[in-house]
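Asks:
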Amino acid sequence: YKDELRTTLRDHARLCVDALKGAEGISTVEPMGAMYLMVKIDFSAFSAASGIADDKAFASKLVQARNVIVLPGSIFECPGFIRIVFTKPADQLKEALDRIVDFCRECREAK
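Residue numbering for the sequence shown follows my numbering, beginning at 10 and increasing consecutively.
(1) Is the CB-CB distance between Ala68 and Ile84 below 7 angstroms?
(2) Quick test of your reading: Gly82 and Ala54, contact by CB under 8 angstroms. State the CB separation rounded to the nearest angstrom.
(3) Give the DSSP bridge partners of Lys49, in chain order.
(4) Looking only at its own chain, which residues have a Cβ that is under 6 angstroms from the Cβ of Pro40, when we skip the five neighbours before and after it?
(5) Between which two residues does the alpha helix (DSSP H) holding Ile109 run?
(6) Taking 7 angstroms as the threshold (beta carbon to beta carbon), is Leu18 in contact with chain D?
(7) Tell me, please, whether the region 103-115 touches the region 65-80 by the rule of three or more beta-carbon pairs shorter than 8 angstroms.
(8) Taking the C-alpha atoms as reference points, what is the distance between Gln101 and Ala57?
(9) Use the C-beta contact count for Leu14: other C-beta atoms within 10 angstroms, 16 or more gives buried, fewer gives exposed.
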């Protein structure tokens, strides 16, 4: 059981990093032993019209716009980041990641 779980989590971590690579306004590195990913938000990459000024606004607007829940890093004493838990099945995770990438692109282009 543990080996299968470890493999699944490693695969999901890689899926997250690969899916978010190149997304506008965010950056991350592959986690080393966690079931979540901390994603750095570059607020300067987003249009002022997007209303995203901090990690709480990012998380709130993401759930409203794309129905994807992430946790603002500030609740973990890590402002400027969001936390993505990757324990969901791979197909659901991929859909959520695609929505995050689309959301970032829209926020960059917001007018």
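Don't be surprised by glycine CBs; every beta carbon is placed ideally from N, CA and C. Remember, predicted model here, so these are calculated numbers, not experimental data.
Replies: Concretely, from the data shown:
(1) The answer is no: Cβ separation not under 7 angstroms.
(2) Going by Cβ atoms, the distance from Gly82 to Ala54 rounds to 17 angstroms, so no, they are not a contact pair.
(3) According to DSSP, which records beta bridges pairwise, Lys49 is partnered with Ser36 and Phe90.
(4) Ala22 and Leu46.
(5) Here the alpha helix (DSSP H) through Ile109 covers Ala99 to Glu118.
(6) You won't find chain D in this structure, because it holds only one protein chain.
(7) Taking 8 angstroms as the limit for Cβ pairs, the verdict is that the region 65-80 does touch the region 103-115.
(8) Approximately 30 angstroms between the Cα atoms of the pair.
(9) Under this definition Leu14 is an exposed residue.
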